[in-house]
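If you read the sequence shown in full-length UniProt numbering, its first letter stands for residue 1, the second for the next number, and so on.
Glycine included, C-beta positions come from ideal geometry on N, C-alpha and C.
Computed from a prediction, not measured in an experiment: that's the story for all the values here.
Heads up: the structure comes next, in structure tokens.
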Amino acid sequence: GRRFRALKIWFTLRTYGLSGLQQHIRNHVSLAQQFEELILADPRFELASPTCMGLVCFRAKGDNKLSSAILEELNKRKKVYLIPGKLNDSVFIRFVLTSPTTTIEDVKTSIQEILDATDIVFEQTKENTNVDNKSVEGVVDVAKPKNGLKLPTYTKPTQPETCATTFCTLRPNITNIARS
């Protein structure tokens, strides 16, 4: 038989309506732009590629190990979930808006978590940097996993806009999930 590929969009349009879907997309584009402004307000960060729809790819300025360590710290803290991306030799962090309930407060909470994790990593980096400022010990590069698996390459160098396939979400407390 045939696949029901159109069923997903049919249910989405049926649930939101055309104007509701437009509003949802515009809201996420707006939130992504606000996230971009907030992350670039910190001089330690730069964009890895232009913001596209609800996707913001950013990285810590400097060595790839810094971005990898920030990502590891964020995921260890279990408040926001972000994933790595790699384009050519550049490791970056992907922030993607997908939830219909995401608000600017969620974006600000995510930014604060990112900044807190960055502070921790930069403090650890200062402690572990040798006198010549050439090497950083104790910072793990998530682009080189220990289990021998390679990170998927999400993009081709000429098509960075094709990497909008993952998500960022606030991790709720278990007690907040069960609502009547």
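Boundaries (first-last residue) of the alpha helix (DSSP H) holding residue i
i     : result
Leu13 : Arg5 to Leu40
Ser67 : Asn64 to Arg77
Secondary structure of residue i, DSSP reduced to three states
i      : result
Ser110 : helix
Thr102 : coil
Residue i versus the options, residue with shortest Cα-Cα distance
i      : options                        : result
Thr103 : Arg14, Thr12 and Gln34         : Gln34
Ile70  : Lys108, Ser99, Phe122 and Arg3 : Phe122
Asn128 : Met53, Leu47 and Lys65         : Lys65
Asp63  : Thr15, Tyr81 and Val91         : Val91
His24  : Ile93, Asp119 and Pro100       : Pro100
Val80  : Asp89, Lys108, Asn88 and Leu87 : Lys108
Leu47  : Lys86, Asp106 and Leu74        : Lys86
Sheet register partners of residue i (DSSP bridge)
i     : result
Phe92 : Gly85
Leu55 : Cys52 and Val96
Ala60 : Phe45
Enclosing beta strand (DSSP E) for residue i [first to last residue]
i     : result
Leu47 : Phe45 to Leu47
Distance between residue j and residue i (C-alpha atoms, nearest Å)
i      : j     : result
Ala60  : Arg5  : 39 Å
Arg94  : Ala41 : 17 Å
Gln112 : Gly1  : 49 Å
Ile114 : Leu82 : 10 Å
Phe11  : Cys52 : 25 Å
Glu36  : Gln22 : 21 Å
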